[in-house]
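The opening position of the sequence shown corresponds to residue 47 in the numbering used here, with each subsequent residue numbered one higher. Below is one structure; the comments refer to it alone.
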Amino acid sequence: MLLSVANAVLLVYPLAWGIFAILEFYMFWKEKQNMKSKLEHGKMNKEDYLDQIKKVKTSLGINISYIVILLFQLGYVIINWDEVNV
C-alpha cells in the first residue's frame, strides 16, 4: 500500500510541473514576440536584441525539451496503467 501511495504522488508531480512548463513556454514566447516588436519599432538596438533573443531561445529550447520529457512520462504511465496500483 505504501508503494501505491508513492506511485500516486509521483504521478501527480509531473502533471503539476507540466502546467508550470506550459505557462513558462507561453511567457517565453510572448517575451520573444515583444522583443521582436521592439526591434521593429526602433525601441531596441540590434546588438541588445541579439543578446537577449539568444537567452530567450536557449530558455525556450530547454522548456520544450522539458515538455517533451513530461509527455514521454505521461505516455509511459498511460501505456502501463494496468501495472500501476493506484
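Ideal placement from N, C-alpha and C gives every residue a C-beta, glycine not left out. All values reported here derive from a predicted model rather than from experimental measurement.
Write down the C-beta distance between residue 116 and residue 62 rounded to the nearest angstrom, noting that I regard them as a contact closer than 8 Å.
-> That pair is no contact at about 10 Å.
For residue 126 versus residue 70, is the C-beta distance shorter than 8 Å?
-> For the 8 Å CB-CB criterion, residue 126 and residue 70 do not form a contact.
Where residue 109 falls: helix, strand or coil (DSSP) = The answer is helix: DSSP assigns residue 109 an H, G or I state.
Pick helix, strand or coil for residue 81, following the three-state DSSP scheme.
-> The three-state reading of DSSP puts residue 81 in helix, counting H, G and I together.
Residue 107 versus residue 124: straight-line alpha-carbon distance, rounded = The alpha-carbon atoms of residue 107 and residue 124 are separated by roughly 26 Å.
Whose C-alpha, out of 58, 120, 98 and 111, is nearest the C-alpha of residue 85?
-> Comparing Cα positions, the closest option is 98.
Specify the secondary structure class of residue 64 as computed by DSSP and reduced to three states.
-> Residue 64: helix per DSSP, three-state reduction.
Name the residue from 65, 60 and 74 whose alpha carbon lies nearest to the alpha carbon of residue 101.
-> Selected option, being the one with the closest Cα: 74.
Member of 120, 128 and 129 whose CA lies at the smallest distance from the CA of residue 59 = With distances taken between Cα atoms, residue 59 lies closest to 120.
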